[in-house]
Structure formats: structure tokens, C-alpha cells
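Chemist: Residue numbers (this note's numbering): 44 to 178. Cβ atoms here follow ideal geometry from the backbone N, Cα and C, with glycine treated the same way. One structure is given below, represented as C-alpha cells, and several questions about it will come after.
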């Protein structure tokens, strides 16, 4: 029986730099459906697969001095810079997912009294998400 991937080692990278103090994230793969219902459908909906799309959501703890934290992501967003992202454990033999995308939302969040400041965001993928195996 194989063990599941440990979430502690699974990180989101921009090029080769991991997002700072990442606490969680997800990658969503979507497929649009094209409605092909006609009068011949006998009252049933019919569809055909259409475009693929994907997005990555993430959040982490904020510190001003972080290399790849809120400040670096905000600069990339303002500059309309495409990110080369990789969702990976970097453990040899395990799968990773890579793509190119743009930051579509970014938030700096102040929790309650004596709580950590956090950041969160979403990267909309342009093109395909590819799967590979870490060497």
C-alpha cells in the first residue's frame, strides 16, 4: 500500500522559489460543457466537452521580509507578469503539476486581536497544466 503525499512537503513554487510560509493551497481543473440539447433530445439535456481551465488558490502567513510572499506576488500582479508555477512535494518519484498563469486575486488579511497576518490569492492558469514526476 502506498502512503499519501504529506501536505507539509507539498508546496507551490514560482520558478524554483516556494511561496513563503504557505499554509494551504489547491489546484482546480475544470472543463466547460457545451449545451447541445435540441428538439431531438426528448426533453433531456445533452452536452459535449469544451474548454479546459484551471486555477490555483493559496494562502500563507505574512512577513514583510519574505522572498516570495505578499510583496513579491503583489509586484508580479501589478506588472501583469506571468508566473511559472509548480505544485510539488519535490520528493523523488512523486507527481508534480506545472503551468503558467496570472494572479487574478490577492489579499492581505488581518485576523483578530493577537492573530497572524495572512495572505491569500488565486492564480488563473493560461494554457495546459502538465503532470510530471520529480526526479
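Can you tell which of 173, 62 and 79 has its C-alpha closest to the C-alpha of residue 161?
Modeler: Ranking the options by Cα distance to residue 161, first place goes to 62.
Chemist: Just to confirm my understanding: we take residue 132, look at its own chain, exclude 5 residues before and 5 after, and list those with CB closer than 8 angstroms. What are they?
Modeler: Around residue 132: 48, 49, 52, 53, 54, 139 and 177.
Chemist: What residue does the beta strand (DSSP E) around residue 97 start on, and which one ends it?
Modeler: It spans 90 to 104 - the beta strand (DSSP E) in which residue 97 sits, taken as one unbroken run.
Chemist: Quick one, are the C-beta atoms of residue 149 and residue 111 less than 7 angstroms apart?
Modeler: Cβ distance not < 7 angstroms, so residue 149 and residue 111 don't count as in contact.
Chemist: Within 10 angstroms of its Cβ, does residue 172 collect 16 or more other Cβ (buried), or is it exposed?
Modeler: By the 10 Å Cβ count, residue 172 comes out buried.
Chemist: Going by CA-CA distance only, name the one from 88, 80, 75 and 86 that's closest to residue 95.
Modeler: Taking only the C-alpha atoms, the option nearest residue 95 is 75.
Chemist: Taking the continuous alpha helix (DSSP H) assigned at residue 62, which residues delimit it?
Modeler: Where residue 62 is concerned, there is no enclosing alpha helix (DSSP H), given that its DSSP letter is neither H nor E.
Chemist: What is the DSSP secondary structure of residue 121, reduced to helix, strand or coil?
Modeler: It is helical.
Chemist: Given a cut-off of 7 angstroms, decide if residue 175 and residue 143 are closer than it, judged by their beta-carbon atoms.
Modeler: Not closer than 7 angstroms, so no.
Chemist: Give the DSSP-derived three-state secondary structure of residue 85 in the structure shown.
Modeler: DSSP places residue 85 in coil when its eight states are reduced to three.
Chemist: Looking at the structure shown, is residue 114 part of a helix, part of a strand, or coil, going by DSSP?
Modeler: Helix.
Chemist: Report the three-state DSSP secondary structure of residue 49 (helix, strand or coil).
Modeler: In the structure shown, residue 49 sits in coil (DSSP, three-state: anything other than H, G, I, E or B).
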